[in-house]
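Numbering (the working numbering), first residue to last: 38 to 414.
Okay, structure first, notes after.
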């Protein structure tokens with residue numbers, strides 16, 4: 038082979054090797070995934086427990102050889118449940134940490150701030166810990182939701198209350214995109230029954246200054262209060278309301294952080310209701326929950342709770358998408374793999390995606406904080 042021909046062949050080989058090079062965040066042995074969430078501050082327990090569930094699943098899968106021969110690695114950045122920090126965290130995960138995909142974010146305002154960044158970079162996002170419609174509509178090809186939406190949860194709550202004849206329903210909500218999404222859900226559910234909120238009150242994000250909201254809501258003499266906020270402010274509201282003699286019922290959506298709320302409330306929590314979007318994690322009544330409990334225990338974490346259950350489920354959905362994407366892994370391949378998950382039973386919990394359908398579940402349930410902070414259905 039003459040010199041010119043040899044150089045031409047080498048150039049062709051180098052070029053074809055470049056085309057075959059793996060996607061960002063992917064090597065022959067590893068896939069790097071990013072998580073942005075609150076790991077500190079008043080909502081910190083939500084991100085911590087979400088991460089615990091993801092890591093428990095990743096650890097078990099890696100012990101069995103990974104996905105298509107690759108180990109799963111999670112890189113997490115703390116956004117403190119603040120939108121600007123979330124935006125910066127996502128940018129750092131994509132540009133500095135070079136992640137292949139994102140998963141397990143926590144919050145509506147943080148998710149909305151991060152959405153333009155991950156969309157511009159065409160990075161897939163799986164399992165946002167939020168039920169806000171603004172993150173579901175308009176349709177975004179890069180985003181896959183594992184949980185039901187706030188409209189589903191608030192419909193379930195209002196349906197339950199009105200079935201028992203309760204019509205004077207107030208709403209305590211966080212003054213941001215999350216709180217307003219939940220408020221809209223309650224208003225929609227009430228409007229279906231020709232009702233309106235009896236009163237409303239707001240609290241600022243990452244604050245427990247609930248005095249004015251409490252005054253406004255108690256003035257409406259509600260039979261029940263639906264809360265759309267984080268666990269610190271919801272607990273402060275409940276404690277102060279009980280101290281003032283309020284005897285009505287309290288209902289919360291899943292984002293509150295069930296265990297965190299129960300821990301904050303202590304004995305005052307007895308009877309507080311929380312809607313859920315994942316299976317009950319405390320009783321091994323399905324294959325998925327048995328698997329979750331086993332993997333969490335193997336990871337050295339026996340503190341079962343709804344948030345880590347959601348993290349575990351999110352990781353399981355993500356991994357199934359990776360399996361379907363195959364060995365020649367690309368971001369488009371992951372999206373196609375996830376979209377191929379039509380009515381997939383993950384052990385008692387069904388996920389249903391499609392090319393124009395990225396809302397995987399509409400499952401909702403109601404749970405009650407019982408004595409000693411224990412949950413019952």
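Backbone N, C-alpha and C fix where the C-beta goes; we use that ideal spot for every residue, glycine too.
Tell me the DSSP bridge mates of residue i?
| i | result |
| --- | --- |
| residue 162 | 139 and 180 |
| residue 312 | 403 |
| residue 387 | 382 |
| residue 104 | 107 |
| residue 394 | 391 |
| residue 63 | 68 |
| residue 292 | Beta-bridge pairing links residue 292 to no other residue. |
| residue 412 | 406 |
What are the start and end residues of the beta strand (DSSP E) that includes residue i?
| i | result |
| --- | --- |
| residue 265 | 261-265 |
| residue 210 | 206-211 |
| residue 286 | 286-289 |
| residue 196 | First-last for residue 196: 187-200, but that is the alpha helix (DSSP H), not the beta strand (DSSP E). |
| residue 69 | 67-74 |
Can you give me the C-alpha to C-alpha distance between residue i and residue j, rounded to a whole angstrom?
| i | j | result |
| --- | --- | --- |
| residue 53 | residue 106 | Because the pLDDT of residue 53 is 41, which lies under 50, any placement of that residue in the model is unreliable, and the question is left without a value. |
| residue 309 | residue 286 | 7 angstroms |
| residue 237 | residue 60 | 49 angstroms |
| residue 406 | residue 115 | 29 angstroms |
| residue 224 | residue 187 | 12 angstroms |
| residue 342 | residue 349 | 11 angstroms |
| residue 131 | residue 234 | 42 angstroms |
| residue 230 | residue 311 | 22 angstroms |
| residue 401 | residue 243 | 26 angstroms |
| residue 44 | residue 151 | At residue 44, the pLDDT of 43 sits below 50, so the modelled position is not reliable; the number obtained from the coordinates is stated separately. The straight-line gap from Cα to Cα measures roughly 46 angstroms. |
| residue 51 | residue 351 | Here residue 51 scores only 40 on pLDDT, less than 50, and its place in the model is too uncertain to base an answer on. |
| residue 377 | residue 204 | 43 angstroms |
| residue 412 | residue 147 | 29 angstroms |
| residue 340 | residue 199 | 34 angstroms |
| residue 370 | residue 362 | 5 angstroms |
| residue 144 | residue 282 | 32 angstroms |
| residue 173 | residue 161 | 14 angstroms |
| residue 135 | residue 414 | 42 angstroms |
| residue 256 | residue 166 | 33 angstroms |
| residue 82 | residue 182 | 21 angstroms |
| residue 262 | residue 158 | 41 angstroms |
| residue 217 | residue 290 | 13 angstroms |
Which residues mark the beginning and the end of the alpha helix (DSSP H) in which residue i is found?
| i | result |
| --- | --- |
| residue 223 | 214-228 |
| residue 237 | Looking at the DSSP string, residue 237 is not in any alpha helix (DSSP H); the run it does join, the beta strand (DSSP E), is 237-240. |
| residue 370 | 368-376 |
| residue 269 | 268-280 |
| residue 171 | Segment: none, residue 171 is in no alpha helix (DSSP H) and carries neither H nor E. |
| residue 234 | Where residue 234 is concerned, there is no enclosing alpha helix (DSSP H), given that its DSSP letter is neither H nor E. |
| residue 122 | 120-132 |
Regarding residue i and the ligand ZN, is the C-beta to nearest heavy atom distance less than 6 angstroms?
| i | result |
| --- | --- |
| residue 96 | Of ligands this structure carries none, so the ligand ZN is not represented either. |
Stretch pair the stretch 372-383 + the stretch 192-201: three plus CB contacts closer than 8 angstroms | no
When the Cβ atoms of the stretch 243-257 are set against those of the stretch 310-322, are three or more pairs found closer than 8 angstroms?
-> no
Taking contact to mean at least 3 C-beta pairs separated by less than 8 angstroms, is the stretch 122-129 in contact with the stretch 91-100?
-> no
Flag this pair as touching only if the stretch 294-303 and the stretch 266-279 have three or more C-beta atom pairs under 8 angstroms; answer yes or no.
-> yes
Which runs of the alpha helix (DSSP H) spanning at least 4 residues fall entirely within the stretch 297-369, listed in chain order?
-> 324-335 and 343-362
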